[in-house]
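Read through the structure below, which is laid out as structure tokens, and then see the notes.
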Amino acid sequence: METILYSIFIFIIGTCFGSFFNVVGYRLPNNMSIAYPSSHCPNCKHKLGVLELIPVLSYIFQFGKCKHCKEKISIFYPIFELLTGILFVICYLVFKDTYPEIYNVIFAIVFISSLIIIIISDIKYMIIPDEVLIFFSIILLLIKMVIIHKLNVNYTWIDVGYELLFSLFDGIIMFIIMYGIRFFGNLIFKKDSMGGGDIKMMAFISLFIGWELGVVVIFLASFLALPLSIINMYKNKEHILAFGPYLAIATMILFLCKIDINMVIEFIS
Ligand SMILES: [Zn+2]
9 METILYSIFI FIIGTCFGSF FNVVGYRLPN NMSIAYPSSH CPNCKHKLGV LELIPVLSYI
69 FQFGKCKHCK EKISIFYPIF ELLTGILFVI CYLVFKDTYP EIYNVIFAIV FISSLIIIII
129 SDIKYMIIPD EVLIFFSIIL LLIKMVIIHK LNVNYTWIDV GYELLFSLFD GIIMFIIMYG
189 IRFFGNLIFK KDSMGGGDIK MMAFISLFIG WELGVVVIFL ASFLALPLSI INMYKNKEHI
249 LAFGPYLAIA TMILFLCKID INMVIEFIS
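If you use the numbering used here, the sequence shown corresponds to residues 9 to 277, in order.
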């Protein structure tokens, strides 16, 4: 019963955050302030009232249209609100029975949030803002410090810092791996095969899942991206594919299924 009540509460909070992530993902790549101006219709500039700001429900009750100019609102918004709510609940359910539970749940929710914002801005603008990666790196490393400290009560903060160095090491290794992939990709395809955003993003992800699992993420993402790439090639379209969302989805799958590198090695061999 308690679990259900918590889940509902976290779902509602999640949809509100999803609404905020839409704003962040939309404004940051445009170098706009996150706080001002307040949310408005992009078409008629009408300022949204409280009743128009309710995640998912406002969209449904307004039949997906702006109340004033009747311009259609992108389905993108309610989908990401809903998705954020669902993912927050999954984070809670997956990590609620681990130790230290509250910190693990918070870590998972913050980590997944960073990936959602990356997906939104990469889909819309093919940009992964540095601000997002830096902000979330700092917050997540701080939460990780607390988790390491809780798991090892006899650790001094210097020991904790020492363990964090390994995380940074993971990020640097992944950075080098991604540069290597880009170098050979450029050699083979004779054009820019990978964006700098993807490289930084994978270094960011590897800080928290380790570089070995990061490599698995790259393989899984390539696999997930395959159907759409084939369709793209078949249609003879210009081969532009935002790879960030696939990397983010692959990371979410591995992270939320609690898959670690040993399980992957066992599976392969
Ligand atoms: Zn409007």
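Using N, Cα and C, we set each Cβ at its ideal position, and we do this for glycine too.
For Thr164, the first and last residue of its enclosing alpha helix (DSSP H): Walking along the sequence shown from the start, residue 164 turns up at place 156. First-last for Thr164: undefined, no H or E at that position.
Would you call the region 222-242 and the region 95-110 touching, i.e. three or more CB-CB distances under 8 Å? no
Report yes if the CB atom of Gly222 is closer than 9 Å to the CB atom of Ile185, and no otherwise. In the sequence shown, the residue the question calls residue 222 occupies position 214. In the sequence shown, the residue the question calls residue 185 occupies position 177. Going by C-beta atoms, Gly222 is nearer than 9 Å to Ile185.
Please classify Trp165 as buried or exposed, where buried requires at least 16 other C-beta atoms within 10 Å of its C-beta. Numbered from 1 along the sequence shown, position 157 holds the residue referred to as residue 165. Classification for Trp165: exposed.
Is His76 near ligand 1, in the sense that its beta carbon is under 8 Å from a heavy atom of that ligand? The residue you call residue 76 lines up with position 68 of the sequence shown. Yes, Cβ of His76 sits closer than 8 Å to a heavy atom of ligand 1.
Entirely within the region 89-155 and at least 3 residues each: give me those beta strand (DSSP E) ranges in chain order. none
Would the C-beta of Cys52 count as close to ligand 1, meaning under 8 Å from any of its heavy atoms? Locating residue 52 in the sequence shown gives position 44, where the first residue counts as 1. For ligand 1, at least one heavy atom lies less than 8 Å from the Cβ of Cys52.
Beta carbon of Val101, beta carbon of Gly26: below 9 Å? The residue labelled residue 101 in the question sits at position 93 within the sequence shown. The residue labelled residue 26 in the question sits at position 18 within the sequence shown. Contrary to the premise, residue 101 reads as Leu rather than Val in this sequence. No.
Is Cys49 near ligand 1, going by C-beta to nearest heavy atom under 8 Å? Mapped onto the sequence shown, residue 49 falls at position 41. For ligand 1, at least one heavy atom lies less than 8 Å from the Cβ of Cys49.
Does any heavy atom of ligand 1 sit closer than 8 Å to the C-beta of Glu171? The residue labelled residue 171 in the question sits at position 163 within the sequence shown. No heavy atom of ligand 1 is found nearer than 8 Å to the CB of Glu171.
Whole-angstrom distance between Gly57 and Gly22, CA atom to CA atom: Working through the sequence shown from its first residue, we reach residue 22 at position 14. Working through the sequence shown from its first residue, we reach residue 57 at position 49. Separation of Gly22 and Gly57 (C-alpha to C-alpha, rounded to the nearest whole angstrom) is 20 Å.
When the Cα atoms are used, what is the spatial distance from Ser46 to Val161? The residue labelled residue 46 in the question sits at position 38 within the sequence shown. The residue labelled residue 161 in the question sits at position 153 within the sequence shown. The alpha-carbon atoms of Ser46 and Val161 are separated by roughly 45 Å.
Under 8 Å: does the beta carbon of Glu89 sit that close to some heavy atom of ligand 1? Within the sequence shown, numbered from 1, the residue matching residue 89 stands at position 81. It does not: the Cβ of Glu89 is nowhere closer than 8 Å to a heavy atom of ligand 1.
Under 9 Å, do Gly179 and Asp130 count as touching if we go by C-beta distance? Translated into the one-based positions of the sequence shown, residue 179 becomes position 171. Translated into the one-based positions of the sequence shown, residue 130 becomes position 122. In this structure, Asp130 does not lie closer than 9 Å to Gly179 by Cβ.
For ligand 1, I want to know if Glu79 counts as a neighbour, meaning its beta carbon is within less than 8 Å of at least one of the ligand's heavy atoms. Locating residue 79 in the sequence shown gives position 71, counting from the first residue. Yes - ligand 1 has a heavy atom lying nearer than 8 Å to the Cβ of Glu79.
So is Lys53 buried or exposed if we call it buried at 16+ other beta carbons inside 10 Å? Position 45 of the sequence shown, counted from the start, is the residue given in the question as residue 53. With fewer than 16 other Cβ atoms within 10 Å, it is exposed.
Between Ser201 and Met210, what straight-line distance do the alpha-carbon atoms span, to the nearest angstrom? The sequence position of residue 201 within the sequence shown is 193, counting from 1. The sequence position of residue 210 within the sequence shown is 202, counting from 1. Straight-line Cα distance between these residues: approximately 15 Å.
Sheet register partners of His48 (DSSP bridge): Taking the first residue of the sequence shown as 1, we reach residue 48 at position 40. According to DSSP, His48 bridges with Lys55.
Can you grab the Cα-Cα spacing for the pair Val31 / Lys208, in whole Å? Translated into the one-based positions of the sequence shown, residue 31 becomes position 23. Translated into the one-based positions of the sequence shown, residue 208 becomes position 200. C-alpha separation (whole angstroms): 22 Å.
So, Leu264 versus Ile147, is the Cβ gap smaller than 9 Å? One-based indexing of the sequence shown puts residue 264 at position 256. One-based indexing of the sequence shown puts residue 147 at position 139. Against a cut-off of 9 Å, the Cβ pair of Ile147 and Leu264 comes out as no contact.
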